[in-house]
Each structure stands twice: as C-alpha cells, then as structure tokens.
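Student: In my numbering, the protein residues as written are 27 to 111. Here it is: the structure, laid out below.
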C-alpha cells in the first residue's frame, strides 16, 4: 500500500456515498468523479473506495463500482426469519 498523502474528511466520504447510492448502474472511477459536485484527488477517491469496500458497502470490480449495501427493514426481517441449511 502506498503512503497516503491526504486523508478524506467525512463530507467527502458522504458525498461519494450519495452519488453511488443514487447511481442505477455501476460507475467507473472517471464517471464517479464527473458526478461529484466537487473535485477530488484520485488518491483520496481510492482511499474512500477501499474503505467502503472493506465495510461491505460497495463492490469494486472490472466493470465499475456499485453500491451493494441494503438496509431495508424487510430484508433484515426476512433474513432473521430464514432457516439455516
């Protein structure tokens, strides 16, 4: 891992989360940067994406970045009532 020059602030993390949540399809890094209301350094974007992926909130693959987290109460209820195989 390379040395991190600039750590992101919470406002930047939330800004990226919002764009990814609202996207209907996977976004490339360049598409994501274009949709952000403010410019962001590429290294800072990578730090945030690595953090979000580690937390299980996004999937970052060769076709792009996709919001994967689902906090639906109905889904949580269905999972809790499910049976184990």
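C-beta atoms are modelled at their ideal positions from N, C-alpha and C, and glycine is treated no differently.
1) Out of 104, 99 and 66, which has the shortest C-alpha to C-alpha gap to residue 40?
2) Can you tell which of 32, 107, 99 and 76 has its C-alpha closest to the C-alpha of residue 43?
3) For residue 96 and residue 55, what's the separation of their Cα atoms in angstroms?
4) Taking the continuous beta strand (DSSP E) assigned at residue 62, which residues delimit it?
5) For residue 86, which residues does DSSP report across the bridge?
Tutor: Looking at the coordinates:
1) To locate residue 40, count along the chain shown from 1; it is residue 14. The option with the nearest alpha carbon to residue 40 is 66.
2) As a working mapping, residue 43 is identified with position 17 in the chain shown. Nearest option by C-alpha distance: 76.
3) To locate residue 96, count along the chain shown from 1; it is residue 70. To locate residue 55, count along the chain shown from 1; it is residue 29. For residue 96 and residue 55, the distance between alpha carbons rounds to 22 Å.
4) Counting from 1 along the chain shown, the entry for residue 62 is found at position 36. First-last for residue 62: undefined, no H or E at that position.
5) Taking the chain shown and counting its residues from 1, one reaches residue 86 at position 60. Partner(s): 91.
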